[in-house]
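Enquirer: Pasting a structure here, questions to come.
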Amino acid sequence: MDEILPHWRFSPHAPDLPPLDKGMTKRDRIVAAACREAMKSKEYAALLNLERLGVRFTGLVGVCVREVARIVLDAMPDDAAHETARMQLEHMVKTRDGGETIRIVKTLAVKGRF
């Protein structure tokens, strides 16, 4: 597999890649840093384990999603460029969708916006 996926940057086995911040605004960097911080949390690790086990849309997943989203939403600026990501994260909290939350956080950690 020759393609390097964005979330591979956070693996301990990731290849050395150019910096992520190139072409990002200050607000994008803030969101990306918040997502990276959320990816280090216990709730994110629990969310990954639950997703790997196939557990979805339960109360436990909902708690993990809420805590991970809280970290990101607290740091996310209230502007038009980040409105879509904010609305999607809020929707994931309501639906307790762990898999989609993982995908959104990984994307935002690399790009800072959609």
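Residue numbers (this note's numbering): 17 to 130.
Each residue gets a CB set at the ideal place from its N, CA and C atoms; glycine is no exception.
Model, not experiment: these values are computed from the prediction.
Would you decide whether G39 is buried or exposed? Buried here means 16 or more other CB atoms lie within 10 Å of its CB.
Expert: Along the sequence shown, read from residue 1 onward, the residue named residue 39 stands at position 23. Around the beta carbon of G39, fewer than 16 other beta carbons lie within 10 angstroms, which makes this residue exposed.
Enquirer: Starting from V84, trace the alpha helix (DSSP H) both ways and give me its first and last residue.
Expert: Position 68 of the sequence shown, counting from 1, holds the residue named residue 84. G75 to A91 is the span of the alpha helix (DSSP H), which, as asked, contains V84.
Enquirer: Taking the straight line between their C-alpha atoms, what separation do you get for K56 and A50?
Expert: Position 40 of the sequence shown, counted from the start, is the residue given in the question as residue 56. Position 34 of the sequence shown, counted from the start, is the residue given in the question as residue 50. Going by the C-alpha atoms only, they are around 10 Å apart.
Enquirer: So, with DSSP's three-state summary, where would you put T100?
Expert: For this step, residue 100 is matched to residue 84 along the sequence shown. T100: helix per DSSP, three-state reduction.
Enquirer: When burial is assigned at 16 or more other CB atoms within 10 Å of the CB, is G114 buried or exposed?
Expert: For the purposes of this step, residue 114 is identified with residue 98 of the sequence shown, where counting begins at 1. By the neighbour-count rule (16 or more Cβ atoms within 10 Å), G114 is buried.
Enquirer: Indicate whether V81 and A54 have their beta-carbon atoms separated by less than 8 Å.
Expert: What you label residue 81 is simply residue 65 of the sequence shown in a count that begins at 1. What you label residue 54 is simply residue 38 of the sequence shown in a count that begins at 1. It is not a contact, given that the beta carbons lie outside the stated cut-off.
Enquirer: Check whether the Cβ atoms of G128 and R45 lie closer than 8 Å to each other.
Expert: Within the sequence shown, the letter at position 112 stands for residue 128. Within the sequence shown, the letter at position 29 stands for residue 45. Against a cut-off of 8 Å, the Cβ pair of R45 and G128 comes out as a contact.
Enquirer: Are A101 and I87 closer than 8 Å when you measure CB to CB?
Expert: As a position in the sequence shown, residue 101 is number 85, starting the count at 1. As a position in the sequence shown, residue 87 is number 71, starting the count at 1. No.
Enquirer: With a CB to CB cut of under 8 Å and the five nearest residues on each side skipped, what residues in its chain are close to L89?
Expert: Along the sequence shown, one-based indexing puts residue 89 at 73. Excluding positions up to five away in sequence, the list reads R102, L105 and E106.
Enquirer: Please report the Cβ distance between I118 and L76, rounded to the nearest whole angstrom; I am assuming they are in contact, meaning their Cβ atoms lie under 8 Å.
Expert: Counting from 1 along the sequence shown, the entry for residue 118 is found at position 102. Counting from 1 along the sequence shown, the entry for residue 76 is found at position 60. With a Cβ gap of about 15 Å, I118 and L76 do not count as contacting.
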